[in-house]
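Here the structure comes first, spelled out in structure tokens, and everything after it is commentary.
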């Protein structure tokens with residue numbers, strides 16, 4: 008019997024939030040960041056890494072912060088920084104999560120991570136709409152890092168693949184990312 012995978016949760020929170028009017032890591036007085044960290048911990052992540060950039064803040068325990076110094080290059084810079092930090096922890100899988108999806112909880116993360124067991128790739132969907140978190144096994148990281156660029160995250164890597172498990176999660180959350188400040 009093999010050991011269960013060791014998982015790192017990565018919160019992508021480095022952007023300036025130009026449409027939102029401020030870096031989203033600052034939204035709701037830091038409550039979104041707390042919710043993202045709690046979701047990853049509650050979903051079974053042994054390590055939680057918060058990727059910062061436009062704003063550098065204290066992160067809630069047990070998370071640790073890393074700074075994407077090239078955050079202004081786009082989402083790919085944050086993703087690359089998060090994957091590289093996760094690789095240093097020796098984990099088997101990353102669960103990529105966004106700071107601006109505050110209604111996603113640990114139940115969603117756990118469901119997506121469990122679904123990644125077979126192919127090493129799983130993505131939450133909400134009523135069929137792709138969302139986060141996205142779980143990616145270590146064996147896929149080199150290819151992921153080869154294809155990401157600019158303001159695209161894992162979308163280019165995931166597009167067209169037949170081995171990504173779509174995990175319906177609309178019964179647990181809306182999965183909506185908040186792009187504008189209400």
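In the working numbering, the protein residues as written are 8 to 189.
Backbone N, C-alpha and C fix where the C-beta goes; we use that ideal spot for every residue, glycine too.
Keep in mind the model is a prediction, meaning the values are calculated, not measured.
About 10 Å separates the beta carbons of residue 41 and residue 106, which is beyond the 8 Å limit, so they are not a contact pair. Less than 8 Å separates the beta-carbon of residue 156 from that of residue 83. Secondary structure in the segment 97–185: the beta strand (DSSP E) runs of 3 residues or longer, each lying completely within the stretch, are 100–105, 128–133, 136–144, 172–175 in chain order. For the pair residue 176 and residue 136, the CB atoms are not nearer than the 8 Å cut-off. According to DSSP, residue 16 shares a beta bridge with 55, 102. Under DSSP, residue 71 forms a beta bridge with 56. Between the segment 61–71 and the segment 119–135 there are fewer than three inter-stretch CB-CB distances shorter than 8 Å, so the stretches are not counted as touching.
Residue 48: member of the alpha helix (DSSP H) spanning 38–49, first to last residue. Shown here, residue 32 sits in a helix according to DSSP, grouped into three states. Under the three-state reduction of DSSP, residue 93 is assigned to helix. In this structure, DSSP gives residue 80 a helical state, which the three-state scheme calls helix. With respect to residue 111, residue 23 sits apart: the two C-beta atoms are not nearer than 8 Å.
Excluding five sequence positions before and after residue 27, the CB atoms of its chain that fall closer than 8 Å to its own CB belong to 34, 107, 185, 186, 187, 188, given in chain order.
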